[in-house]
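Engineer: Handing you a structure now.
In my numbering, the protein residues as written are 770 to 1092.
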C-alpha cells in the first residue's frame, strides 16, 4: 500500500462513552479530519457533529464514499454487521474490543479484511499503556503472569459479561507475554448484580509451561489494575492505572527493589495515533484483527469453563496465532 499524504478522512460509528472520545481525538488530530459521526440517537449525533464540524448520520452506510477510515464503537452485537459493510467498501477500521460477539464472526471479519486489503485494529487499549510497554520491554523468560483488574460497580455494560467487558484486556496481555499457544483454561465466575458474571477468575496454561492467572471484578470496593510477571530471579510488577513499574530481584536475603517512573499518557490517543499511522503507511497494526480474534477465542473458552465447570482446551480450528 502506498503511503498516504494529507489528512485522513475519518468517521465514528457509535457515540457512547468510548465513541465520543474517539470523535474528540479525531477532531483535534493533525493527521485526521473528522468527516462524519453516526449514532442511532439523532440528538447525540447532531450534538457531536455540531461540536466538531462534522456531518451527522443515523446509519453507518452514510460513511461509504466519504471516509478512508472509521472507528466502530457500537454495542458488540452490532460489530460484525457494521464492520462487514465498511470493510467491503474499502474502509480501514478501528474496532473497539471485543472484535465481535462470537468467534465465528470474528474469524470472518479477519478473513474478509485480508481479502479486501482493509486494515483492522482492535481496541485492546492496555497494550498502549506506558506501564505495559515498560514491562514488556523488560520481560525475558516469563514463568508466571498474574493479572488483577477490579473496579467498583458503575452500571455500565451491565448487558455484557465481565469476561468480555474487562477480563478480555488481561487475556490479551497474557497472550502477548506468554510466547506460546494457549493449551487449556480453567475458570470460575459469579453473578452479583447482573444476570451475567460480575466476578471471574481464570487460569490459562500455555504450551511452553507459562501459567497466567486472571482475577477480575466490576463490583469491587476499590479499583486496581495490576500486572505482574515472575521470572527466574526476579518479578516485574506494572501498575497500569498509575502508571508505574517495579522490578524486584534477588533472593529473600538480598532483595533489591527498583521503581521506574513513567509519564502519564492518554492511552486512547496513543491507540488512535497508531491506527492513523497504519492507515497512512499500510503497516500492520500493533493489535490487529488476529490479536482480537485470539483474545475473543480465549474469552469464549473461559466462559465455557465457567458455565460447564470444567477445564477447556482450544479446538483445533482455534489455535492462537501468537506462538
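Glycine residues also receive a C-beta, built at the ideal position from the N, C-alpha and C atoms. Since the model is a prediction, treat every value here as computed from it, not as a measurement.
Give me, in chain order, the residues of the same chain whose beta-carbon lies closer than 7 Å to that of residue 1040; leave out the 5 immediate sequence neighbours on both sides.
Structural biologist: For residue 1040, where only same-chain residues beyond five positions count, the Cβ hits under 7 Å are 892, 894, 897.
Engineer: How about residue 996 and residue 916: do their beta carbons lie closer than 8 Å?
Structural biologist: It is a contact, given that the beta carbons lie within the stated cut-off.
Engineer: Note down, one range per segment and in chain order, each beta strand (DSSP E) of at least 3 residues found wholly within the stretch 896-982.
Structural biologist: The stretch 896-982 contains these whole beta strand (DSSP E) runs: 913-919, 951-959, 968-975.
Engineer: Rounded to a whole number of angstroms, what is the C-alpha to C-alpha distance between residue 890 and residue 836?
Structural biologist: In a straight line, the C-alpha of residue 890 is about 16 Å away from that of residue 836.
Engineer: By a C-beta neighbour count over all protein chains shown, 10 Å radius and 16 as the cutoff for buried, is residue 789 buried or exposed?
Structural biologist: Residue 789 comes out buried.
Engineer: How long is the line joining the alpha carbons of residue 869 and residue 1023, rounded to whole angstroms?
Structural biologist: Their Cα atoms are separated by approximately 48 Å.
Engineer: Would you mind working out which of 793, 808, 1010 sits nearest residue 802, comparing C-alpha positions?
Structural biologist: The residue with the shortest Cα to Cα distance from residue 802 is 793.
Engineer: Exposed or buried, which one is residue 909 when buried takes at least 16 other CB atoms within 10 Å?
Structural biologist: That one is exposed.
Engineer: Shortest alpha-carbon distance to residue 822 belongs to which of 907, 804, 934?
Structural biologist: Ranking the options by Cα distance to residue 822, first place goes to 804.
Engineer: Going by DSSP, which residues form a beta bridge with residue 1016?
Structural biologist: In DSSP, residue 1016 forms a bridge with 1005, 1027.
Engineer: Please classify residue 810: does DSSP put it in a helix, a strand, or coil?
Structural biologist: Coil at residue 810, not helix or strand.
Engineer: In terms of residue numbering, what span does the beta strand (DSSP E) encompassing residue 864 cover?
Structural biologist: 861-865 is the extent of the beta strand (DSSP E) around residue 864.
Engineer: Using the Cα positions of residue 1077 and residue 1060, report the straight-line distance between them to the nearest angstrom.
Structural biologist: The straight-line gap from Cα to Cα measures roughly 26 Å.
Engineer: Which of helix, strand or coil does DSSP assign to residue 828?
Structural biologist: Correct three-state label for residue 828: coil.
Engineer: Under 8 Å by Cβ, that's how I've got residue 1065 and residue 875 pegged, so tell me the actual separation to the nearest angstrom.
Structural biologist: Their Cβ separation, rounded to whole angstroms, is 5 Å, which keeps residue 1065 and residue 875 in contact under 8 Å.
Engineer: According to DSSP, residue 1057 sits in a beta bridge with which residue or residues?
Structural biologist: In the DSSP output, where bridge partners are listed per residue, residue 1057 has 890.
Engineer: Based on Cα-Cα distance, which residue from 1030, 1042, 932 lies nearest to residue 904?
Structural biologist: Nearest option by C-alpha distance: 1030.
Engineer: State the Cα-Cα distance for the pair residue 965 and residue 954, rounded to the nearest angstrom.
Structural biologist: Their Cα atoms are separated by approximately 19 Å.
Engineer: Mind checking residue 1085: buried by the 16 CB within 10 Å criterion, or exposed?
Structural biologist: Flag for residue 1085 reads exposed.
Engineer: Could you check the C-alpha separation between residue 986 and residue 956 for me, to the nearest Å?
Structural biologist: When rounded, the distance between both Cα atoms is 14 Å.
Engineer: Which same chain residues end up closer than 8 Å to residue 771 when comparing Cβ atoms and leaving out the 5 residues on each side of it in sequence?
Structural biologist: Caution applies to residue 771, whose pLDDT of 47 falls short of 50 and renders its modelled position unreliable; the value that the coordinates give is listed next. Excluding positions up to five away in sequence, the list reads 1051.
Engineer: Where does the unbroken alpha helix (DSSP H) through residue 1041 begin, and where does it stop?
Structural biologist: Residue 1041 -> alpha helix (DSSP H) spans 1036-1050.
Engineer: Distance, Cα to Cα, residue 833 vs residue 975?
Structural biologist: If you take the alpha carbons of residue 833 and residue 975, they lie about 42 Å apart.
Engineer: Please check the pair residue 856 and residue 839, which I expect to be a contact at CB under 8 Å, by giving their CB distance rounded to whole angstroms.
Structural biologist: That belief does not hold up - the Cβ atoms of residue 856 and residue 839 are roughly 10 Å apart, past 8 Å.
Engineer: If residue 988 sits next to residue 952, beta carbons under 8 Å apart, how far is it from one beta carbon to the other, in whole angstroms?
Structural biologist: The pair is not a contact, with the Cβ atoms about 31 Å apart (cut-off 8 Å).
Engineer: DSSP three-state label for residue 799, please.
Structural biologist: In the structure shown, residue 799 sits in coil (DSSP, three-state: anything other than H, G, I, E or B).
Engineer: Exposed or buried, residue 819, counting other C-beta atoms within 10 Å across all chains shown (16 or more means buried)?
Structural biologist: Classification of residue 819: exposed, given that the 10 Å Cβ count is below 16.
Engineer: Just curious, the alpha helix (DSSP H) that residue 885 is in, first and last residue?
Structural biologist: It spans 872-885 - the alpha helix (DSSP H) in which residue 885 sits, taken as one unbroken run.
Engineer: With a threshold of 16 other CB atoms inside 10 Å of the CB of residue 844, please say whether the residue is buried or exposed.
Structural biologist: Looking at its Cβ environment, which holds fewer than 16 other Cβ atoms inside 10 Å, residue 844 is exposed.
Engineer: Would residue 1032 be called buried (16 or more neighbouring beta carbons within 10 Å of its own) or exposed?
Structural biologist: Result: exposed.
Engineer: Excluding five sequence neighbours on each side, which residues of the same chain lie with their C-beta closer than 8 Å to the C-beta of residue 828?
Structural biologist: These residues qualify, in order along the chain: 807.
Engineer: Exposed or buried, what is residue 959 when buried is set at 16 or more other beta-carbons lying within 10 Å of its beta-carbon?
Structural biologist: Looking at its Cβ environment, which holds fewer than 16 other Cβ atoms inside 10 Å, residue 959 is exposed.
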